[in-house]
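Working notes for the structure below.
Protein chains: 2
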Amino acid sequence: MLNYFYYLTMHNFCAKTPKMGKNLTSRGEDYSKWYNELVVKADLAENSAVRGCMVIKPYGYAIWEKMQAELDRMFKETGHQNAYFPLFVPKSLFEAEEKNAEGFAKECAVVTHYRLQNDPDNEGKLRVDPEAKLEEELVVRPTSEAIIWNTYKGWIQSYRDLPILVNQWANVVRWEMRTRLFLRTAEFLWQEGHTAHATKAEALQEAEQMNDVYATFAEQFMAIPVVKGLKTESERFAGAEETYCIEALMQDGKALQAGTSHFLGQNFAKAFDVKFTNKEGKMDHVWATSWGVSTRLMGALIMTHSDDKGLVLPPNLAPIQVVIVPIYKNDEQLDAITEVANSLLNDLRALGVSCKFDSRTTHRPGAKFAQHELQGVPLRIAIGPKDLENKSVELARRDTLTKEIMPLEGLTPKIKVLLEEIQVSLFTKALNFRDTHITEVNSFEEFKDVLNTKTGFVSAHWDGSTETELKIKELTKATIRCIPLDAKEEVGVCVYSGQPSTKRVLFAKAY
Amino acid sequence: MLNYFYYLTMHNFCAKTPKMGKNLTSRGEDYSKWYNELVVKADLAENSAVRGCMVIKPYGYAIWEKMQAELDRMFKETGHQNAYFPLFVPKSLFEAEEKNAEGFAKECAVVTHYRLQNDPDNEGKLRVDPEAKLEEELVVRPTSEAIIWNTYKGWIQSYRDLPILVNQWANVVRWEMRTRLFLRTAEFLWQEGHTAHATKAEALQEAEQMNDVYATFAEQFMAIPVVKGLKTESERFAGAEETYCIEALMQDGKALQAGTSHFLGQNFAKAFDVKFTNKEGKMDHVWATSWGVSTRLMGALIMTHSDDKGLVLPPNLAPIQVVIVPIYKNDEQLDAITEVANSLLNDLRALGVSCKFDSRTTHRPGAKFAQHELQGVPLRIAIGPKDLENKSVELARRDTLTKEIMPLEGLTPKIKVLLEEIQVSLFTKALNFRDTHITEVNSFEEFKDVLNTKTGFVSAHWDGSTETELKIKELTKATIRCIPLDAKEEVGVCVYSGQPSTKRVLFAKAY
């Protein structure tokens with residue numbers, strides 16, 4: 002069934018040819034332009050008529066669906082269930098948790114009216130009906146803690162009602178001023194977990210566990226190595242007592258926060274008066290976490306692996322893992338190739354490989370090759386008349402851009418293995434890049450020099466003060482990406498203030 | 002993996018006991034109250050702090066997820082792909098298709114501002130920042146034709162770009178004045194397919210095909226018989242030239258529109274100037290369809306099958322198909338029962354049955370029975386010490402409320418068959434009810450009498466005029482639910498006006 006689905010969807014993905022990769026700006030020329038062009042040319046997403054909001058196109062959405070499916074499986078395996086809460090948050094609820102409100106009020110979409118009417122002054126035009134003003138404004142959720150904790154109040158009386166382990170797949174809106182496809186959009190898709198616990202220890206453990214789930218997902222499925230760490234106070238989620246995060250490094254040496262998991266303490270329980278009777282019969286406020294990843298991960302995926310020819314996709318997330326392209330001069334040849342291709346498709350599908358025979362007659366093989374490269378299909382098989390004679394195929398790897406003649410016999414298990422190799426190889430390559438771009442520095446000169454030349458993460462001692470952190474940000478544009486969970490205790494002095502420090506933190510310029 | 006998921010989720014579904022079914026109002030007493038109570042008591046959904054918006058609780062959401070998975074599979078099998086378009090529609094785009102705008106402008110949420118600020122007059126409170134007024138208001142999508150057709154304009158130049166077969170899973174908002182959980186809520190979840198075609202015939206075929214997909218889904222998965230038909234002009238989707246629909250009948254004799262599929266003609270293509278070069282090299286406007294089903298289906302599911310003890314779920318949509326409840330007096334007995342239960346669970350899971358051992362020590366068997374009845378678990382297995390001795394179990398069917406002692410040996414394949422039987426039996430029961438509630442009438446007296454006493458669909462001749470239709474609605478509250486696709490041509494006279502008519506249509510009071 003799954004294979005059938007892939008067949009059909011790929012059939013559509015191939016129906017239109019995206020603009021070709023030869024026009025793609027190179028990374029060296031202009032990394033930012035390369036990214037923007039790639040997203041559009043590979044048919045992943047495009048800007049919409051709504052300022053800052055994107056359209057996620059079918060090929061991009063198919064990758065997001067694969068991410069969703071895997072994450073959803075991991076959430077359910079760790080005991081979570083999905084639910085759905087309202088899109089709107091009444092202003093009075095939004096106000097309740099002060100820090101959270103302060104953090105998000107600056108950038109939210111506000112619904113003030115519930116009706117349009119014909120504009121009496123402009124025929125055929127509509128205007129807001131002034132009679133239809135809401136008594137209380139509604140905020141389009143920038144995050145759902147407020148509406149969810151207001152709901153949890155009705156669900157929790159006793160420790161027997163805990164834990165609540167709920168996740169929501171939803172759209173959220175943050176009125177960002179400068180937007181970029183996937184990386185920062187006014188509306189984005191995400192999942193937000195919201196859990197309620199009887200004890201602080203349990204909530205902390207949950208927050209850390211979900212950060213671990215994100216790390217596993219990023220590394221094993223997206224092939225993106227991440228540093229697990231804690232955010233500093235100034236970088237924490239508004240309303241959190243501790244924010245766990247996973248930080249990734251893009252090819253241009255800038256960091257990208259790929260997921261966060263917050264220990265919210267009792268802040269929301271207090272703001273919404275959510276108490277429970279504990280095992281000892283005493284009343285206590287409930288402990289909370291929340292955690293999320295979003296379509297921003299698409300940006301991380303693209304910027305970690307792709308190259309000047311286009312998208313490079315890890316096989317675990319590729320909507321099509323193998324594409325077969327026929328090379329022929331007449332119908333007879335095509336028929337013979339089709340027979341071999343269909344047999345290959347069947348064998349590959351039986352092994353759970355998603356694959357497609359690109360038999361379009363409207364495109365030449367060269368155009369097909371360019372398209373599949375641009376769209377990051379991990380393996381391409383070309384079959385021509387010579388191959389038929391020799392009982393072989395030409396196999397091309399998207400990640401290394403290498404080609405090889407392979408015998409048809411015994412091909413499918415080799416492809417299966419090769420896909421796994423590509424998955425590992427992409428991760429290893431990204432890991433090497435990341436690891437060689439974590440630079441320990443011991444002076445502020447060195448700090449600035451590394452940031453400006455080598456780029457990447459700078460591992461430096463910091464005195465723990467927000468003042469120093471902000472000063473460094475002002476001077477270098479670098480922020481503390483995280484305090485790594487595995488940071489060694491060591492005696493040192495702050496790279497900026499010279500004050501004592503016990504561990505190194507990771508600075509970087511970031512998306 | 003799937004089974005493991007069910008195990009985990011069911012573990013959570015059972016963690017809290019919903020309010021018991023004994024307090025459920027009976028259908029005979031007050032059908033409407035019964036429905037409202039059932040939705041809440043079975044833990045499917047509840048009202049939220051936002052007027053007219055609901056919270057879909059985990060158990061309710063798990064059923065919706067099963068619906069989504071099946072529908073998504075069917076859409077992909079018919080060649081559709083998912084994508085995602087913005088939540089907001091700029092007012093100017095919303096205006097473009099006049100009828101569509103007129104139909105939805107009355108009931109939409111309008112975003113006018115993009116920022117809140119601290120209220121200088123009210124410490125700790127927020128107010129809309131008057132400086133942050135949008136230049137153009139944004140409508141929260143009540144449906145996405147406008148934003149999507151504005152996007153398609155950029156995707157379509159030639160017949161080679163067609164068809165576009167795209168679906169979106171999304172939330173939409175319609176500012177309904179009177180709301181009821183699942184049936185009519187201000188925000189609801191749905192899918193909306195939006196397709197673009199080169200010819201009228203192809204678009205019509207698509208609209209009819211997707212209505213057929215909905216009918217198949219309703220009948221085979223939801224076990225709800227439906228009538229496939231066309232809407233009259235006054236009941237059509239705003240902006241459509243033809244609306245196909247599936248109409249179901251609830252136990253109280255009221256109809257429920259369960260899905261619609263619209264042939265939009267060239268209306269949206271004209272409104273958004275979407276033209277293409279056809280095979281003959283001439284420019285033409287594109288032909289369109291749109292089609293959707295929503296969380297309203299949850300309401301249909303509940304009202305078709307459930308009874309005075311609570312929810313009755315068709316096995317194909319039940320998050321847990323079989324629950325095993327141990328009956329024991331001491332740990333030794335529990336241990337022995339657990340061993341048998343675990344072996345049963347393994348065997349059932351191997352057959353793809355989702356099942357759960359309800360071993361909670363906090364609840365007595367009676368309470369567990371009541372909960373599983375209330376939540377509609379299709380099969381319940383009770384195992385006590387006597388059963389262990391006799392190598393048997395007690396098997397109870399939720400739909401018939403019958404119990405049977407069954408030998409343990411060979412039990413699992415019998416359960417698998419039984420689940421299929423229940424699925425068919427629920428459909429047959431609903432079909433019998435529906436078929437005996439389609440009454441042909443030939444006079445307006447008879448018409449009113451059937452509506453008021455027997456209820457259900459009234460099959461009557463109608464003169465085809467909107468005037469008559471509206472008059473009948475005014476007098477009886479019944480609307481034309483559809484002109485059945487399989488309506489026979491026959492000579493007749495309109496039940497109200499006495500004017501000539503060539504076929505019968507179905508009237509009913511409706512949700």
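Order-wise, the sequence lines are chains A and B.
Sequential numbering of the first sequence, starting at 2, is according to our numbering.
Sequential numbering of the second sequence, starting at 2, is according to our numbering.
In this text, a Cβ means the ideal position worked out from N, Cα and C, and glycines have one as well.
No experiment lies behind these values; they were computed from the predicted model shown.
Using beta-carbon distances, LEU88(B) counts as an interface residue toward chain A, with a partner under 8 Å. Taking 8 Å as the threshold, the shortest C-beta distance from THR261(A) to chain B does not fall below it.
With a cutoff of 8 Å on beta-carbon distance, ALA259(A) and ALA431(A) are scored as not near each other.
Identification of residues in the segment 315-341 of chain A having a C-beta nearer than 7 Å to some C-beta of chain B yields an empty set.
When rounded, the separation of the alpha-carbon atoms in ASP359(B) and LEU380(B) is 13 Å.
According to DSSP, GLU47(B) shares a beta bridge with VAL56(B).
Of the other Cβ atoms in all chains shown, 16 or more fall within 10 Å of the Cβ of MET251(A); this residue is therefore buried. A Cβ-Cβ contact shorter than 8 Å links ALA147(A) with VAL90(A). Per DSSP, MET223(A) lies in no alpha helix (DSSP H) segment and is marked neither H nor E. C-alpha of LYS310(A) to C-alpha of LEU427(A): approximately 16 Å in a straight line. VAL112(A) is bridged by DSSP to LEU139(A), VAL112(B).
For ARG381(B), the secondary structure class from DSSP, reduced to helix, strand or coil, is strand. Going by beta carbons, GLY254(A) and THR26(A) fall outside the 8 Å limit.
Cβ contact annotation for VAL324(A) (same chain, cutoff 6 Å, sequence separation greater than five): LYS357, ASP359, HIS373, VAL378, ARG381, in chain order. Interface annotation, CYS356(A): not in contact with chain B, CB-CB separation never under 8 Å.
For THR429(A), the secondary structure class from DSSP, reduced to helix, strand or coil, is helix. Counting along the chain, the unbroken beta strand (DSSP E) around ASP285(A) starts and ends at 284-286.
For TYR512(A), the secondary structure class from DSSP, reduced to helix, strand or coil, is coil. Per DSSP, THR200(A) has no beta-bridge partner at all.
According to DSSP, residue pairing for ARG505(A) in a beta bridge involves HIS462(A). At least one CB of chain A lies nearer than 8 Å to the CB of ARG116(B). The distance from the Cβ of LEU265(A) to that of GLY240(A) is about 6 Å, consistent with a contact at the 8 Å cut-off.
For PRO143(B), there are no neighbours in chain A by C-beta distance under 9 Å, as the nearest C-beta there is about 10 Å away. With fewer than 16 other Cβ atoms from the protein chains shown falling within 10 Å of its own Cβ, GLY353(A) counts as exposed. Against chain A, a Cβ distance below 8 Å from GLU99(B) picks out GLY125. Sixteen is the threshold: when 16 or more other Cβ atoms of the shown chains lie within 10 Å of the Cβ of LEU45(A), as they do, the residue is buried. VAL174, TRP176, GLU188, LEU190: these are the residues of the segment 173-203 of chain B whose beta carbon lies less than 8 Å from some beta carbon of chain A, given in chain order. Nearest in C-alpha terms to VAL451(B), of all of THR413(B), LEU486(B), LEU507(B), is LEU507(B). Contacts between LYS58(A) and chain B, judged by CB atoms closer than 8 Å, involve ALA84 in chain order.
Following the DSSP letters along the chain, one finds LEU335(A) inside the alpha helix (DSSP H) bounded by residues 332-351. Residue environment for THR362(A): exposed (fewer than 16 other C-beta atoms within 10 angstroms of its C-beta). In the structure shown, MET251(A) falls within a coil segment according to DSSP collapsed to helix, strand and coil. Cβ neighbours of LYS369(B) within its own chain (closer than 6 Å, five residues either side excluded): VAL326, ASP359. Under the 8 Å criterion on CB atoms, ASN279(B) is classed as non-interfacial with respect to chain A.
For PHE95(A), the closest alpha carbon among the candidates ALA84(A), THR79(A), TRP65(A), VAL141(A) is that of VAL141(A).
Among the residues of chain A, those whose CB is under 7 Å from the CB of ASN151(B) are ALA50, following chain order.
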